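A short worksheet on the structure shown next.
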Amino acid sequence: MISKDKEKDLQQPQILSIDDDYSIIRQFIDGDKFAFQILVKRHKEKVRNIIYITMNNSALVDDIAQDVFITVYRNLKHFRFESQFTTWLYRITVNRCKDYLRKMNVRKIFFPIEEGTEVSEYPTPVEDNDISRIVMDAISKLPVKLRMPLILKDIEGFSYQEISETLKCEMGTVKSRIFRGREKLKEILQPLEKELMN
Amino acid sequence: MKKALQNLELLSAYLDNELTQSEKAELEKLLATSLELRKKLEDLKKIKQLGNRVTRIPESPFFETRLMAAIEDQKNETSRIKRWMPAAALAVVTIIIMVVLKFNPGLIDKMWEDQKVAIAGFYKENLQPVLLAANLTNEDVFNFAFNNELPLDNSRQQYLLLGYDDSGKEFFEIRSSHERINRDSYKEFISAMNLDAEQKQTVDSIIGSYSKALEAQVLVNEKNTIAINPNLWNLRKAIFADLLVASEKLNKTKFDRIVPAGISNAEKIVVVNTVEKLKSAYGDQYIFVTPDSIFAESYQFDSKLYEKEMRELEKQIKLNEEEVKQFTLNIRYDSTFRYIDDARNIHSFRIVVDSNICRVDLPDHQIPEILIPDIETIEPLIEQATNSIHFYAYKIPKIEKSENGIKIEYYNDDSVYSYMVDYNMLNIDSLAEANPGLDLYRLDQLKPVKPFDDTMLIKYQYDRDYYHRYYSDDEFKKQMEELQKELQQMSEELKNHKIRVRSEVTKSTKK
Numbered sequence: 001m002i003s004k005d006k007e008k009d010l011q012q013p014q015i016l017s018i019d020d021d022y023s024i025i026r027q028f029i030d031g032d033k034f035a036f037q038i039l040v041k042r043h044k045e046k047v048r049n050i051i052y053i054t055m056n057n058s059a060l061v062d063d064i065a066q067d068v069f070i071t072v073y074r075n076l077k078h079f080r081f082e083s084q085f086t087t088w089l090y091r092i093t094v095n096r097c098k099d100y101l102r103k104m105n106v107r108k109i110f111f112p113i114e115e116g117t118e119v120s121e122y123p124t125p126v127e128d129n130d131i132s133r134i135v136m137d138a139i140s141k142l143p144v145k146l147r148m149p150l151i152l153k154d155i156e157g158f159s160y161q162e163i164s165e166t167l168k169c170e171m172g173t174v175k176s177r178i179f180r181g182r183e184k185l186k187e188i189l190q191p192l193e194k195e196l197m198n
Numbered sequence: 199m200k201k202a203l204q205n206l207e208l209l210s211a212y213l214d215n216e217l218t219q220s221e222k223a224e225l226e227k228l229l230a231t232s233l234e235l236r237k238k239l240e241d242l243k244k245i246k247q248l249g250n251r252v253t254r255i256p257e258s259p260f261f262e263t264r265l266m267a268a269i270e271d272q273k274n275e276t277s278r279i280k281r282w283m284p285a286a287a288l289a290v291v292t293i294i295i296m297v298v299l300k301f302n303p304g305l306i307d308k309m310w311e312d313q314k315v316a317i318a319g320f321y322k323e324n325l326q327p328v329l330l331a332a333n334l335t336n337e338d339v340f341n342f343a344f345n346n347e348l349p350l351d352n353s354r355q356q357y358l359l360l361g362y363d364d365s366g367k368e369f370f371e372i373r374s375s376h377e378r379i380n381r382d383s384y385k386e387f388i389s390a391m392n393l394d395a396e397q398k399q400t401v402d403s404i405i406g407s408y409s410k411a412l413e414a415q416v417l418v419n420e421k422n423t424i425a426i427n428p429n430l431w432n433l434r435k436a437i438f439a440d441l442l443v444a445s446e447k448l449n450k451t452k453f454d455r456i457v458p459a460g461i462s463n464a465e466k467i468v469v470v471n472t473v474e475k476l477k478s479a480y481g482d483q484y485i486f487v488t489p490d491s492i493f494a495e496s497y498q499f500d501s502k503l504y505e506k507e508m509r510e511l512e513k514q515i516k517l518n519e520e521e522v523k524q525f526t527l528n529i530r531y532d533s534t535f536r537y538i539d540d541a542r543n544i545h546s547f548r549i550v551v552d553s554n555i556c557r558v559d560l561p562d563h564q565i566p567e568i569l570i571p572d573i574e575t576i577e578p579l580i581e582q583a584t585n586s587i588h589f590y591a592y593k594i595p596k597i598e599k600s601e602n603g604i605k606i607e608y609y610n611d612d613s614v615y616s617y618m619v620d621y622n623m624l625n626i627d628s629l630a631e632a633n634p635g636l637d638l639y640r641l642d643q644l645k646p647v648k649p650f651d652d653t654m655l656i657k658y659q660y661d662r663d664y665y666h667r668y669y670s671d672d673e674f675k676k677q678m679e680e681l682q683k684e685l686q687q688m689s690e691e692l693k694n695h696k697i698r699v700r701s702e703v704t705k706s707t708k709k
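Structure below.
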């Protein structure tokens, strides 16, 4: 049976704090299997969105997100409470995305026309509701090392510190990559500038 | 240059509010004086704002449920792997054995030759008839003659099935009876032949006279050995033929339907001779099916000695019911039976085992033909009668395929229903396929080709024996109705394609 508090927690994600995640993880380690579901409920949408923008393919989102949370489930008992849970979670997410992208690149060598891909080679003419798609397509053309910090910053609103911990790189590198990412994005979107800016 | 780039990076960080107070103050000073920097800042701001235009992926309400299910699945998989570890170890041992055998191919043969005599002796001990004559019912004997089945234990859990493969070679199967439909074949036969009680008694006595002979054909012992006398195939033919001769005498009108040409005198002589020989001599070769091997060996079954022992045994059975239970046969289908298909040696058995069936194909020399030299002359008679009995008594349809079409006949309510699909010309697609480079304007020059793929009808061409055993009448009726519908539909489709096809359903009454 789920206690009333937990039931409430499952239904309504609350404002998060380190303590919240830490105490839930402790409950999980103590054998409370519902604690894990609370963690998933709290963080799944952010994880799914990072995957969605990074992969630019909605069909892969739930598979990769499932992979991420299964990894979390298996390793949560060894969580050391030294960093935020989310830093660890997003690091796993980013790494899983990188793995998938690598696999997809290998596959593309053998099967050049990838089924179900939502990436188009050139930006298509703009319709009002297509801006999101165009931006995502453009982001997906960025090299992964520029793509990841840019997504975490401009779409997910992470701080440079959080990005540096998630991607395990220096703050200076983060700063430089975000700038280069924006520059590159501008270059990709140049032919569609008029439509986008309108 | 480097300084300019650093300034641009600072601009980007400035937008993100990630500069220290001093960095910020310094940059703002620069911005106040540089139009170019201000323009660059504006550009970067526009790009940054594009991030807000990206729509988020819709929520997935069932994500947790699926995730938890996947986690559960993985847990089970892990435990499955643990459970299969011993099997994996066994696989390793098997591979090692395979490697050994690869370099010593004769090893098993040699071991088998060495052990053969000892093993055969072991399995030949204490063989007894699988069913005592007293326990064989008339239905059992009739079923054996007409449907090739013989029960292998008193509780009828397992059956021995005799058969012929496509090339006419004999095989037998040991089958469990759980999928078998229980039919009163004998009753159906009596009713199809329209025999009264007195006539039935005559048939009963003929059948009864074979139970003693049948008794000695299949022997078993407590080591789960089954010894089958290859003469069983001949005996089945003999019983069948004997019953046919009797049926002709009992009801000539009904019999004519089964064998319209009647039985010639020459055939009757063969039947009498065969029956006589088979009732007195069994032959001394048996096929031994044991839990770990199949072999043919001579074995003398002393019926007189056995009868004496039997009398003793019957006394014991009466005294102690438990004794009977000891003889319940339990062939382990999944034991060490293997595919034994030795192409080099035509005298070997081929064995196929699955969870319900153990099938053994007999090598060439097994069926004793010298003993009954003329038995093959009555085979066409037996075949024709078998088909007619299936058709009239068990109502199993006849399906005849020819180059021009398919004819299906079905007997019900004393009428023969006939479905005929006749096709000389076919649809364009199959013509085009059969005649590459086809000139569609000169279709008349094409020779009629073999019909389109008729797999739809082939699936209705039952193996009659199989049908008879495993489908109930209701099932069959349902299938016939489906077939009728499909035939009509096919005929409609063909009409729509303006293709010359004759499809008709006729009903003829035969009294």
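So the sequences go chain by chain: F and G.
Note that our numbering numbers the first sequence so that position 166 is 166, with each residue one more than the last.
Note that our numbering numbers the second sequence so that position 405 is 603, with each residue one more than the last.
Here a beta-carbon is modelled for each residue, glycine too, at the ideal position from N, C-alpha and C.
Keep in mind it's a predicted model, so treat the numbers as computed, not measured.
* **Supposed contact pair L235(G) and N205(G) - C-beta distance, whole angstroms, cut 8 Å** => By one-based count along the second sequence, residue 205(G) stands at place 7. By one-based count along the second sequence, residue 235(G) stands at place 37. The pair is a contact, with the Cβ atoms about 7 Å apart (cut-off 8 Å).
* What did DSSP end up calling G181(F) once you bin it into helix, strand or coil? -> The residue you call residue 181(F) lines up with position 181 of the first sequence. Three-state result, G181(F): helix.
* Can you give me the start and stop residues for the beta strand (DSSP E) that Q356(G) sits inside? => Here residue 356(G) is taken as the residue at index 158 of the second sequence, counted from 1. Residues 356 to 362.
* Just confirm the distance between the C-beta atoms of R499(G) and A411(G), as a whole number of angstroms; I'd bet it's less than 8 Å. => Within the second sequence, residue 499(G) is the residue found at index 301, counting from 1. Within the second sequence, residue 411(G) is the residue found at index 213, counting from 1. According to the sequence shown, residue 499(G) is Phe rather than Arg. That belief does not hold up - the Cβ atoms of F499(G) and A411(G) are roughly 12 Å apart, past 8 Å.
* To do: Give me the Cα-Cα distance between K184(F) and L142(F), rounded to the nearest whole angstrom.
  => The residue given as residue 184(F) occupies position 184 in the first sequence. The residue given as residue 142(F) occupies position 142 in the first sequence. Taking the straight line joining both Cα atoms gives about 7 Å.
* Whose Cβ in chain F lies nearer than 7 Å to the Cβ of G249(G)? -> Mapped onto the second sequence, residue 249(G) falls at position 51. Correct list: D154, I155.
* Rounded to a whole number of angstroms, what is the C-alpha to C-alpha distance between N274(G) and I372(G)? -> Translated into the one-based positions of the second sequence, residue 274(G) becomes position 76. Translated into the one-based positions of the second sequence, residue 372(G) becomes position 174. Going from the Cα of N274(G) to the Cα of I372(G) covers about 37 Å.
* Return no unless some Cβ of chain F is closer than 7 Å to the Cβ of F525(G). => Looking up residue 525(G) in the second sequence gives position 327. No answer about F525(G) holds up, because its pLDDT of 45 lies below 50 and its placement is not dependable.
* To do: Identify which residue in D351(G), R354(G), N346(G), S353(G) has its Cα closest to the Cα of G361(G).
  => Locating residue 361(G) in the second sequence gives position 163, where the first residue counts as 1. Checking every option, the nearest Cα to that of G361(G) belongs to N346(G).
* Asked: What residues in its chain sit with their C-beta under 6 Å from that of D128(F), if we drop five residues either side in the sequence?
  -> Taking the first residue of the first sequence as 1, we reach residue 128(F) at position 128. Because D128(F) carries a pLDDT of 45, less than 50, the predicted location of this residue cannot be relied on, and the following value inherits that uncertainty. Nothing listed; no residue qualifies.
* **From K98(F), H78(F), G157(F), V106(F), residue whose alpha carbon lies closest to that of V252(G)** => Within the second sequence, numbered from 1, the residue matching residue 252(G) stands at position 54. Here the closest residue by C-alpha is G157(F).
* Asked: Just how far apart, CA to CA, sit P191(F) and Q219(G)?
  -> Counting from one through the first sequence, the residue named residue 191(F) turns up at place 191. Counting from one through the second sequence, the residue named residue 219(G) turns up at place 21. P191(F) and Q219(G): Cα-Cα distance of roughly 37 Å.
* To do: Report the rounded CA-to-CA distance for S140(F) versus L233(G), giving the unit in angstroms.
  => One-based indexing of the first sequence puts residue 140(F) at position 140. One-based indexing of the second sequence puts residue 233(G) at position 35. S140(F) and L233(G): Cα-Cα distance of roughly 32 Å.
* Please state whether DSSP places S120(F) in a helix, a strand or coil. => Here residue 120(F) corresponds to residue number 120 of the first sequence, with the count starting at 1. Because S120(F) carries a pLDDT of 40, less than 50, the predicted location of this residue cannot be relied on, and the following value inherits that uncertainty. Coil, per DSSP.
* Any 3 or more C-beta pairs closer than 8 Å across the segment 433 to 449 of chain G and the segment 573 to 588 of chain G -> yes
* Asked: Mapping DSSP to helix, strand and coil, what is R557(G)?
  -> Start at 1 with the first residue of the second sequence, and residue 557(G) comes out as number 359. Of the three classes helix, strand and coil, the one that applies to R557(G) here is strand, per DSSP.
* Asked: Who are the Cβ neighbours of L152(F) in its own chain at under 7 Å, not counting the five residues just before and after it?
  -> What you label residue 152(F) is simply residue 152 of the first sequence in a count that begins at 1. Same-chain partners within the cutoff: F158, I163, T166.
* To do: Please confirm if K44(F) has its CB atom under 7 Å from at least one CB of chain G.
  => As a working note, residue 44(F) is residue 44 in the first sequence. Judged by the 7 Å Cβ criterion, K44(F) is in contact with chain G.
* Among H43(F), D62(F), F36(F), which residue has its Cα nearest to the Cα of L89(F)? -> Along the first sequence, one-based indexing puts residue 89(F) at 89. Ranking the options by Cα distance to L89(F), first place goes to H43(F).
* From which residue to which residue does the beta strand (DSSP E) around Y590(G) run? -> Taking the second sequence and counting its residues from 1, the one referred to as residue 590(G) is at position 392. First-last for Y590(G): undefined, no H or E at that position.
* First and last residue of the beta strand (DSSP E) that includes V416(G)? -> Here residue 416(G) is taken as the residue at index 218 of the second sequence, counted from 1. V416(G) -> beta strand (DSSP E) spans 416 to 418.
* Asked: According to DSSP, which residues form a beta bridge with Y609(G)?
  -> Along the second sequence, read from residue 1 onward, the residue named residue 609(G) stands at position 411. Y609(G) pairs with V614(G).
* Work out the CA separation of F28(F) and D271(G) for me, nearest whole Å. => Residue 271(G) sits at position 73 when you count from the first residue of the second sequence. Residue 28(F) sits at position 28 when you count from the first residue of the first sequence. One C-alpha to the other measures close to 19 Å.
* Quick one: which chain G residues come within Cβ less than 7 Å of L90(F)? -> In the first sequence, counting from the first residue as 1, residue 90(F) sits at position 90. For the record, residue 90(F) in the displayed sequence is Tyr; it is not Leu. Ordered by position in chain G, no residue passes the 7 Å Cβ test against Y90(F), which lies about 16 Å from the chain.
* Rounded Cβ spacing between L146(F) and R177(F) (contact assumed at less than 8 Å) -> Translated into positions along the first sequence, residue 146(F) becomes position 146. Translated into positions along the first sequence, residue 177(F) becomes position 177. 5 Å between Cβ atoms; contact.
* Report the three-state DSSP secondary structure of S83(F) (helix, strand or coil). => Here residue 83(F) is taken as the residue at index 83 of the first sequence, counted from 1. Three-state result, S83(F): coil.
* Asked: K475(G) by DSSP, collapsed to three states: which one?
  -> On the second sequence, residue 475(G) is found 277 positions in, with the first residue counted as 1. K475(G): helix per DSSP, three-state reduction.
* **Span separating the alpha-carbon of A343(G) from that of V558(G)** => Your numbering for residue 343(G) matches position 145 in the second sequence. Your numbering for residue 558(G) matches position 360 in the second sequence. Straight-line Cα distance between these residues: approximately 20 Å.
* Strand pairing of Y484(G), partner residues [DSSP] -> Walking along the second sequence from the start, residue 484(G) turns up at place 286. Answer is E495(G).
* Asked: Tell me, which residues are paired with P327(G) by DSSP?
  -> Here residue 327(G) corresponds to residue number 129 of the second sequence, with the count starting at 1. Answer by DSSP bridge pairing, in chain order: L417(G).
* **Proximal chain F residues relative to I245(G), where beta-carbon distance stays under 7 Å** => Residue numbering aside, residue 245(G) sits at position 47 when the second sequence is read from its first letter. Under the 7 Å cutoff, chain F gives R182, L185, K186.
* Asked: For F179(F) and chain G, any beta-carbon pair shorter than 7 Å?
  -> By 1-based counting over the first sequence, the position of residue 179(F) is 179. At least one chain G Cβ lies under 7 Å of F179(F).
* To do: Tell me whether E216(G) sits in a helix, a strand or coil according to DSSP, three-state version.
  => The sequence position of residue 216(G) within the second sequence is 18, counting from 1. Reduced to three states, the DSSP call for E216(G) is coil.
* So, L325(G) versus A425(G), is the Cβ gap smaller than 7 Å? -> Counted from its first residue, the second sequence places residue 325(G) at position 127. Counted from its first residue, the second sequence places residue 425(G) at position 227. Yes; because the gap between Cβ atoms is below 7 Å, this pair is in contact.
* Report, in whole angstroms, the separation of the C-beta atoms of L209(G) and K238(G), which I expect to be a contact under 8 Å. => Stepping through the second sequence from its first residue, residue 209(G) is reached at position 11. Stepping through the second sequence from its first residue, residue 238(G) is reached at position 40. Going by Cβ atoms, the distance from L209(G) to K238(G) rounds to 6 Å, so yes, they are a contact pair.
* C-alpha distance - F453(G) paired with G460(G), whole-angstrom precision -> The residue you call residue 453(G) lines up with position 255 of the second sequence. The residue you call residue 460(G) lines up with position 262 of the second sequence. Rounded to the nearest angstrom, the two C-alpha atoms are 8 Å apart.
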